Amino acid sequence: MIAASTLIGMLINFLGISPIRALFWTAVINGFVAPPLLLIIMLVSNNREIMGDRVNGKVSNVLGWAATAAMFAAAIGLLITWGRS
């Protein structure tokens, strides 16, 4: 795995892709992928059939749903601001 990652990194360098630009787009992709994943995690962690007695408590639910909502809001805000520029 490390060798494959090293080879991909070398290919990116030889293709002339800016590392800073690659990091930027990686962060943008992460910002769009994270909200649905957080939603799935919250749904699974509150499901008694899956988690049994280990379901989320009230504090975990409040913080988890707040983080999920904030991530969705940030992704939507990014789309809106990109549409205006």
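For the sequence shown, position 30 (counting from the first letter as 1) is numbered 145 according to our numbering, and the numbering increases by one without interruption.
All C-beta atoms, glycine included, are put in the ideal place defined by N, C-alpha and C.
Note that the structure is predicted; figures quoted are calculated from it, not measured.
- Excluding sequence positions up to five before and after ILE127, its CB lies within less than 7 Å of the CB of ALA137, all in the same chain and listed in chain order.
- An exposed status is given to MET116, since fewer than 16 other beta-carbon atoms sit within 10 Å of its beta-carbon.
- For ILE144, there are no CB contacts under 7 Å within the same chain when 5 residues up- and downstream are skipped.
- In this structure, LEU154 is the residue among LEU154, MET166 and GLU164 with its C-alpha nearest to the C-alpha of TRP180.
- Contact holds between the stretch 146 to 153 and the stretch 174 to 188, because three or more Cβ pairs, one in each stretch, are under 8 Å apart.
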